[in-house]
Every structure is written in structure tokens, then in C-alpha cells.
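Engineer: One structure, as C-alpha cells, below. Some questions next.
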Amino acid sequence: MGDGSHEDALARIRERVGERGWVDDADEMAPHLVEWRNRWRGRARAVVRPGSPDEVADVVRIASEGRLPIVPQAGNTSLCGGSVPDEDGRSIVLSVSRLSRIREVDALDYTMTVEAGCVLADVQRAAAEADRLFPLSLAAEGTCEIGGNLSTNAGGVHVLRYGNARQLVLGLEVVLPDGRIWNGLRRLRKDNTGYALRELFLGAEGTLGIITAAVLKLFPRPRARWVVLAAVPHVTAALELLSRARGATGDAVSSFELVPRIALDYVLRHIPGTRDPLASRYEHYVLVELDSTVDGDRDLGARGRALLEEASEAGLVLDAAVAESDAQIDALWKLRESISEAQKGEGASVKHDVAVPVSRVPAFLAEATRKVEADWPGVRVVAFGHLGDGNIHFNLSVPEGGDDDAFLDHWSAFSRIVHDVVTSMDGSIAAEHGIGRLKRDELVHYKSATEIELMRSLKQMLDPAGIMNPGRVV
């Protein structure tokens, strides 16, 4: 269908959502059209902001009838270009930001039902007010929205203990590409009545439907936390420390993050209010958090200190800074959570979100580093992240004084080098950020023909018109 059907669909959508749900002013649309890292800037016919799942369904139905492409958006903190429209300007952006109601918190059932536009930090806060924990936590939690977190299967810093977004969902409400609403908002821990349909939409990046609400799992709220930044001689020692920590603390480890010296230097250089917690410089650090649901668990700190003492005697820990207050906990976490922001101050960066089996992280880091350094002399490797679950952000900074544009133009070549190493170690080229536009062609290169065929068959079955986030994932 041509532009005429699009114009008719746009007019009908505008009438359905009203002026509050329709944005076509260039300045108001602008934040919805650019990716967080500024790698992509798209264009759109309008930004549509439905106020209810029924409005979402009507918008999608009208768009389907008119073959009008839709780019679903929830927070727009994607790092892979999955939530911004193409440059051709044919699409509408459908933002779920007005679907921001927390429908129910059931503390006894340890569940909460939330709409897709709820900001992650608000979801965490609502759980805490009910004396419960929603453990998904990431640097963008003050602006990202839960619908986007689920659509990209977000991970964050507590995956080691609680799992990623996929493991935190019991049920979904989804608008399908033809405008029907699938109500799968079940709160059951056990349900063997056929296919687990919710799994189709978690991590699908809006290509198979639009998540409008979800039933989330809650957990007991931690009553005690123990946090340490420990310097280690090498990454293999960090893995041995992780193993000892899980055994010695009753598996109380909720986070285990790798922080290289270069990343810490970036943060200290570019993030105000930060300081080095240790007097000496070391090449490798881990940020470790233990937590306990026992009120005032004094044994938690004792177990942590005993772990440090034993690890130091074994040569696994060279030095350590233990947080003695909530303010010090926040200060240590700020060092880790500011790494991505600090990288901006160092010029162009090429970023990889990859995962390998935990035991193979040291080998991956050594081989990938050797190969990218041979490919681009002077490249600065900034490899950090979730060591506890094998998810490493293998980022590359342009050499000091280097050409930013030339470096970024080499992105695909860098990625092929890194992803070849990842694949050789039975890893994943996309651990927690998704595929989007950035890795779509890489996905086809590394996935088997059978897997790609299955993905495309699902896409064709659910979205035969191809209007849902076209050109993303598959």
C-alpha cells in the first residue's frame, strides 16, 4: 500500500489518541528519534502516546490495516538502535510512557502487576514500600521503562543471584501485530498448560508485539548489605574469589563486578565527586556485594571479612576497601556505574556486550585483547562488567589523540574480531542489550540457519504485514 493508506491511518490514529497522545512537533519529537549513544538519528511521521492498552490495540490495528510501520518505545535507553526509527521517516514511534500505572502489589504472593511505561526505579520503589525487592538494577534505572527492560531481556548487576529480566516475569499482557490483546497476566509459579507464550515476547524487542503490562516476581527485601572493592592480581584470581565467596557466605553474593584500572581512571578523571578508595594502584578490581534478608545480620559482615582474610592469605586479594556505611556503599557503586558515562570523555568508543561461560572469561579477555591490539595499535581496551555471570562489556576506546571518525568506521571489523572469539568459546554476541540494528547482520552470521529460519517463521506468523519494529533483530 502507498502513502494514501498511510495518511488515512495517521488521521485515524490521531483521532483515536487525541491531542494528548499525538506529537508531531519537531522539538517534542526529537528525544524519541535519537539513540542514547547518538549513533543513530531517525525520522518519524509522529510520536504516538496511547493512554491505555485499548488505545495501544486500536493504534496497532489501524497501523496494520494501513501497513504503517511501528517502532515501539519504552524509555529509549536502548544501546543497539532497537528503539529509534529509520532515517526514511515512514514509521510512527509508539511510546508506552503514559502506561505508567502500578496496578497491584501483592506482598503475600510476592508479585506486582505493572504497566509497560513504569520507570524501573519507580517499580523498585513500589516494591520497597511493600517491604519487598524487585531486583532488576542497572545504570539507566532512573529513566528506562519496564516494557523496554522486558523487551530486551535486560540484565544488570544482580543477575548472578536473581536472574535477568526473563527470570523475573510470571505473566504478560501484549498487543499483537493485528491489534488483538493477549491477556497472559498470570501470577502462577507453575503452569504447564501448553506453550509458554510469554517467552516469545521477552527479548523480542517489539518485533512480535507490544508489551503493555507484566506480572513481576518480588523477593524478600535485603536487611543487610556488605560491599567491598577488592584489588586482585589477575582475572583468574577474581574467579577463584567468586567461587570462594559463594561457598563461604551461603551464596549471599548478589553482585560480582569486574573493574579494570583503565575504567577506574576514566571515572576518576571525568565523574565529579569520585575518589580512589585505595592508596595504591592495581590493574584489576572486583566490586562484591553480599546481602542478607535477616534483619541486622551482623554475621554477614563477619563472613565477608573472613572471606577477605582467607583470600588475602591465598594471594587472591592484594588490597581492599570495605564500605562502612550506606554512603560508602553508594560511593563504591558509583565508581562501577559511572564507567559508561566516563568513557564519553575519552573520545570515540566501540562497545561490545558479550557473554562467555564464567570459567572462560580470563581466556576470552586475553585472546580478544591481543587480537584487537594487533588490529589497531594503541587501542585502549576497557573490559568490565558482570563477571559473576560471564557478561563482559568489552569496550574499545580510541587511542589518545586518535581520529574518532576513523575509529568508529572500523566498528564492524572490531566486532567481527571480538565476536569470532566469543563464538569460539561457546558464548553470545548479545548478553543483555539486545540485537536491534547494531547486531542484526551479526546475528545472521553467527546463528545457525535453522535458528534463523525458526525466528523468521515466528515473525511471519505473528506479523505477516511486517509492521512491528521492521529491520530489527531479524
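Numbering (my numbering), first residue to last: 1039 to 1512. Ideal Cβ positions, reconstructed from N, Cα and C, are used throughout, including at glycine. A quick note: this is a predicted structure, and the numbers were derived from the prediction, not measured.
Please name the residue, chosen from E1470, D1357, V1420, P1437, that lies closest to D1391 on a Cα-to-Cα basis.
Structural biologist: Of the listed residues, the one whose Cα sits closest to D1391 is E1470.
Engineer: Assuming L1267 contacts L1345 under a Cβ cut-off of 8 Å, what Cβ separation, rounded to an integer in Å, is found between them?
Structural biologist: L1267 to L1345, Cβ: 14 Å. No contact.
Engineer: Here's the rule I'm using: 16 or more other beta-carbon atoms within 10 Å means buried, otherwise exposed. How should D1427 be labelled?
Structural biologist: So D1427 ends up on the buried side.
Engineer: Exposed or buried, which one is G1352 when buried takes at least 16 other CB atoms within 10 Å?
Structural biologist: For the sequence presented, residue 1352 should be read as Ala rather than Gly. With fewer than 16 other Cβ atoms within 10 Å, it is exposed.
Engineer: Comparing the C-beta of P1173 with each C-beta of chain D, is any distance below 8 Å?
Structural biologist: As a matter of chain content, chain D is missing from the structure shown, which is built from one protein chain.
Engineer: From V1420 to S1378, what distance separates their C-alpha atoms?
Structural biologist: When rounded, the distance between both Cα atoms is 10 Å.
Engineer: In chain order, what residues of the same chain have a beta carbon less than 8 Å from the beta carbon of M1039, not counting five sequence neighbours either side?
Structural biologist: Confidence at M1039 is low in this model, with a pLDDT of 47, below 50, so its placement is unreliable and the value that follows should be read with caution. Excluding residues within five positions, the ones whose Cβ falls inside 8 Å are G1104, R1105.
Engineer: With which residues is T1151 paired in a DSSP beta bridge?
Structural biologist: Answer is E1142, V1253, bridged to T1151.
Engineer: Note down the Cα distance separating R1446 from E1438, rounded to an integer number of angstroms.
Structural biologist: Reading the sequence as shown, one finds Leu at residue 1446 and not Arg. Approximately 14 Å between the Cα atoms of the pair.
Engineer: Within the stretch 1414 to 1441, note down every full beta strand (DSSP E) run reaching 3 residues or more, in order along the chain.
Structural biologist: The stretch 1414 to 1441 contains these whole beta strand (DSSP E) runs: 1418 to 1424, 1429 to 1435.
Engineer: Leaving aside the five residues before and after I1140 along the sequence, list all residues of the same chain whose C-beta is less than 8 Å from its C-beta, in chain order.
Structural biologist: So the list reads M1150, T1151, V1152, E1153, C1156, D1160, V1161, A1164, once near-sequence residues are dropped.
Engineer: To the nearest angstrom, how far is the alpha carbon of V1270 from that of R1319?
Structural biologist: If you take the alpha carbons of V1270 and R1319, they lie about 11 Å apart.
Engineer: Please classify R1408 as buried or exposed, where buried requires at least 16 neighbouring CB atoms within 10 angstroms.
Structural biologist: R1408 should be labelled exposed.
Engineer: Report the three-state DSSP secondary structure of W1074 (helix, strand or coil).
Structural biologist: W1074 falls in the coil class under three-state DSSP.
Engineer: How many angstroms separate the CA atom of A1503 from the CA atom of E1489?
Structural biologist: One C-alpha to the other measures close to 22 Å.
Engineer: Going along the chain, which residues of its own chain have a beta-carbon closer than 7 Å to the beta-carbon of L1240, five neighbours each way excluded?
Structural biologist: The answer, listed in chain order, is L1188, N1191, A1203, R1204, V1207.
Engineer: Going by DSSP in three states, R1319 sits in which element: helix, strand or coil?
Structural biologist: If DSSP states are grouped into helix, strand and coil, R1319 belongs with coil.
Engineer: Can you tell me which of L1223, A1412, V1097 puts its alpha carbon nearest to the alpha carbon of A1252?
Structural biologist: Among L1223, A1412, V1097, the Cα nearest to that of A1252 is on L1223.
Engineer: Report the option in I1455, D1442, P1110 whose CA atom is closest to the CA atom of A984.
Structural biologist: Look at the range of the chain in this structure, 1039 to 1512, and you will see that residue 984 is not part of it.
Engineer: Among E1278, Q1366, L1496, which has the Cα closest to the Cα of R1313?
Structural biologist: Of E1278, Q1366, L1496, the residue nearest in Cα terms is Q1366.
Engineer: For L1506, list the residues DSSP reports as bridge partners.
Structural biologist: Sequence inspection shows Met at residue 1506; the Leu mentioned does not correspond to that position. According to DSSP, which records beta bridges pairwise, M1506 is partnered with I1108.
Engineer: In its own chain, which residues sit with a C-beta less than 7 Å from the C-beta of W1449, not counting the 5 before and 5 after it?
Structural biologist: Same-chain partners within the cutoff: V1388.
Engineer: From this set, A1393, E1348, L1481, R1058, which residue's C-alpha is nearest E1278's C-alpha?
Structural biologist: Measuring from the Cα of E1278, the nearest candidate turns out to be E1348.
Engineer: Measuring straight from C-alpha to C-alpha, what distance separates P1508 and T1245?
Structural biologist: Spanning the two alpha carbons is a distance of roughly 7 Å.
Engineer: Would you identify the three-state DSSP class for A1159, choosing helix, strand or coil?
Structural biologist: Helix, per DSSP.
Engineer: Could you give the DSSP three-state label for A1211: helix, strand or coil?
Structural biologist: Note that residue 1211 is Glu in the sequence shown, not Ala. Reduced to three states, the DSSP call for E1211 is strand.
Engineer: Extract the residue ranges of the alpha helix (DSSP H) inside the stretch 1384 to 1413, only unbroken runs of 4 or more that lie entirely within it.
Structural biologist: Correct list: 1399 to 1413.
Engineer: Reducing DSSP to helix, strand and coil, say where R1136 ends up.
Structural biologist: Residue state, collapsed to three classes: coil.
Engineer: If you check the beta carbons only, do V1305 and P1400 fall under 8 Å apart?
Structural biologist: No. Outside cutoff.
Engineer: Between R1199 and V1291, how many whole angstroms is the CB-CB distance? I'm expecting something under 8 Å.
Structural biologist: The Cβ separation is near 7 Å, so the contact holds.
Engineer: From this set, G1194, L1373, G1385, H1424, which residue's C-alpha is nearest P1395's C-alpha?
Structural biologist: Minimum Cα distance to P1395 is reached at H1424.
Engineer: Just verifying my parser: in three-state terms, what is the DSSP assignment at G1042?
Structural biologist: Helix.
Engineer: Using beta-carbon positions only, say whether L1325 and V1355 come within less than 8 Å of one another.
Structural biologist: No. Outside cutoff.
Engineer: In chain order, what residues of the same chain have a beta carbon less than 8 Å from the beta carbon of A1168, not counting five sequence neighbours either side?
Structural biologist: Around A1168: V1143, A1145, M1150, L1256.
Engineer: If you follow the alpha helix (DSSP H) that D1096 is part of, which residue opens it and which one closes it?
Structural biologist: Per DSSP, D1096 belongs to the alpha helix (DSSP H) from 1091 to 1103.
Engineer: Taking the C-alpha atoms as reference points, what is the distance between S1376 and F1432?
Structural biologist: S1376 and F1432: Cα-Cα distance of roughly 16 Å.
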